[in-house]
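Input: a single structure, listed below in structure tokens.
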Amino acid sequence: MPPISYVTVHGYRRAFRTAGSGPPLLLLHGIGDSSDTWDPVIDSLAEHYTVIAPDLLGHGRSDRPRADYSIAAFACGMRDLISVLGFDRVTVCGHSLGGGVAMQFAYQFPERCERLVLVCTGGVGPKTHPLFHLVATPGVETLLPLLRLPGVRTAGSVGLRVLRWLDTDLGRDAGDLMRLFDALPDSPARSAFLRTLRAAVDRRGQVITMLDRCYLAEGMPTLLIWGARDAIIPVDQAHLVHEAMPGSRLEIFADAGHFPHHTDPERFLAVLRDFLDTTEPADYSSAQWRTLLRTGRGMPGPGATLAAVPDPAEDATIGA
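Position 193, counted from 1, in the sequence shown is what this note's numbering calls 330; the numbers after and before it change by one each time, with no gaps.
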């Protein structure tokens, strides 16, 4: 595992790991997690790629200010981080929340993104585990300190082990879930966690979806990796994304939950390397981007006429 390095951006200290040489690969972790999540695969990836694995602001060893923890803010932070580190374009691989950040990065900065790899990604539809709905409820912050009480932690650990013994989907990720609970040691960490969660989830589920903008991914090589037994973001979300992104590749790990890169790191590496080796970086075109935004389609074929897009100000019926 590469050592932690630090760089200050906008006055906040950002922790990150970097190793290897070759095409740059940005690895983004999920909510409450850190770059440690890539431990099973990062050294192998560094044999062929320049790997950059940050701790998102408010997570891991990065600073935890009272700040904007929205998906868009994280995407901007990643653009600024790779700029400071000297990278113009990267392939972005994001897990869970990190997948949502990766999609937002590709949406906000398409000229900076070469490929997308989405691992059990958030930001597809409203579905997520009811536990996250509960934690996102206003007032829950008064109860989170109780998680640090020895008895509560022990009870939670026992409960997760029972779920694992019963072979439930949630229990499959028991070890990782306890690791995430332990990553909330103090009030700033809990506050950053809640701000991040509430920017993406409310009592009815996820509030962010990328399905309405999937057409913008035309020409962007995309790999989807999911665990068939993911209790956090169900695997049916994988099929929604795959259908909405023609040309994307979908790999489902039958025995994995929400952390397929932990369950089967060798297969994860093989799938990811094959994708990187057999695809070319996206070729960004501002003209194509404008056409996609105006029509929801790709560039017209030879001889085709680009239809005019009505002005809502001139047609009050639009959106009615």
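From the three backbone atoms N, C-alpha and C, an ideal C-beta is built for every residue, glycine too.
Limits of the unbroken beta strand (DSSP E) element including T400
It is not in any beta strand (DSSP E) - T400 instead sits in the alpha helix (DSSP H) that spans 397–400.
Option nearest T113 by Cα separation, candidates F246, A152, G223
Any question about residue 113 goes unanswered here, given that the chain covers just 138 to 457.
Should the segment 191–203 be called in touch with the segment 154–173, which here means at least 3 C-beta pairs below 8 Å?
Counting Cβ pairs under 8 Å, three or more are found: they touch.
Quick check on the burial criterion: 16 or more other C-beta atoms within 10 angstroms. Buried or exposed for L268?
Exposed, since its Cβ has fewer than 16 Cβ neighbours within 10 Å.
Given that a residue counts as buried once 16 or more other Cβ atoms are within 10 Å of its Cβ, and exposed if not, what is Y206?
By the 10 Å Cβ count, Y206 comes out buried.
Any idea what DSSP makes of H266, helix, strand or coil?
Of the three classes helix, strand and coil, the one that applies to H266 here is coil, per DSSP.
Using 8 Å as the cut-off, can you tell me whether the segment 349–359 makes contact with the segment 382–389, which would need three or more C-beta pairs spanning the two stretches below that distance?
A contact exists between the segment 349–359 and the segment 382–389.
For a quick check, are the C-beta atoms of L165 and G236 less than 9 Å apart?
Judged by beta-carbon spacing, G236 lies within the 9 Å limit of L165, meaning their Cβ atoms are closer than that value.
Same chain, Cβ closer than 6 Å to A156, five either side skipped, listed in chain order:
Contacts found: P139, A183, V188.
Cβ pair L413, T228 closer than 9 Å
Going by C-beta atoms, L413 is nearer than 9 Å to T228.
Through-space distance from R216 to Q343, alpha-carbon basis:
Going by the C-alpha atoms only, they are around 24 Å apart.
Alpha carbon to alpha carbon, how far is L321 from A365? Give it in angstroms, no decimals.
In this model, A365 and L321 are separated by some 28 Å (Cα to Cα).
Whole angstroms are fine: how far does the CA of G356 sit from the CA of L429?
Distance between the alpha carbons of L429 and G356: 11 Å.
Which residue wins for smallest C-alpha separation from P263, given the options M240, T346, L234, E251?
Looking at the Cα atoms, T346 is the closest of the given residues.
Could you tell me the distance, in whole angstroms, from the CA atom of P371 to the CA atom of L307?
When rounded, the distance between both Cα atoms is 11 Å.
Using only CA atoms, which one of V338, D323, I219 lies nearest to P275?
The shortest Cα separation from P275 among V338, D323, I219 belongs to V338.
Would a C-beta distance cut-off of 9 Å place G394 and I369 closer than the cut-off?
Cβ atoms of G394 and I369: closer than 9 Å.
Answer yes or no: do L234 and T333 have a C-beta to C-beta separation smaller than 9 Å?
It is a contact, given that the beta carbons lie within the stated cut-off.
Go to D211, then tell me how far its alpha helix (DSSP H) extends in each direction, as first and last residue.
At residue 211 the sequence reads Phe, which differs from the Asp that was named. Per DSSP, the continuous alpha helix (DSSP H) segment holding F211 begins and ends at 208–221.
Would you identify the three-state DSSP class for H376, choosing helix, strand or coil?
Helix.
Write down every uninterrupted run of the beta strand (DSSP E) in the segment 154–183 whose length is 3 residues or greater and which is fully enclosed by it, in chain order.
For the segment 154–183, whole beta strand (DSSP E) runs of length 3 or above, ordered along the chain, are 161–165.
Cβ pair P397, C257 closer than 9 Å
Yes. Within cutoff.
Using three-state DSSP, classify S142 as helix, strand or coil.
It is a strand residue.
Give me whichever residues DSSP pairs with Q343 in a beta bridge.
DSSP lists V338 as partners of Q343.
In whole angstroms, what separates the C-alpha of Y421 from that of T359?
Cα-Cα distance, rounded: 15 Å.
Taking the CB atoms as reference points, tell me whether P325 and E251 lie closer together than 9 Å.
With a cutoff of 9 Å on beta-carbon distance, P325 and E251 are scored as not near each other.
With a cut-off of 8 Å on the beta carbons, I'd call S220 and R150 a contact; round off their distance for me.
For a cut-off of 8 Å, the C-beta gap from S220 to R150 is around 17 Å, too long to register as a contact.
Spatial distance of A419 from R249 (CA atoms)
Distance between the alpha carbons of A419 and R249 is about 9 Å.
Inter-residue spacing [alpha-carbon to alpha-carbon] between L387 and V146
Those two C-alpha atoms are separated by around 35 Å.
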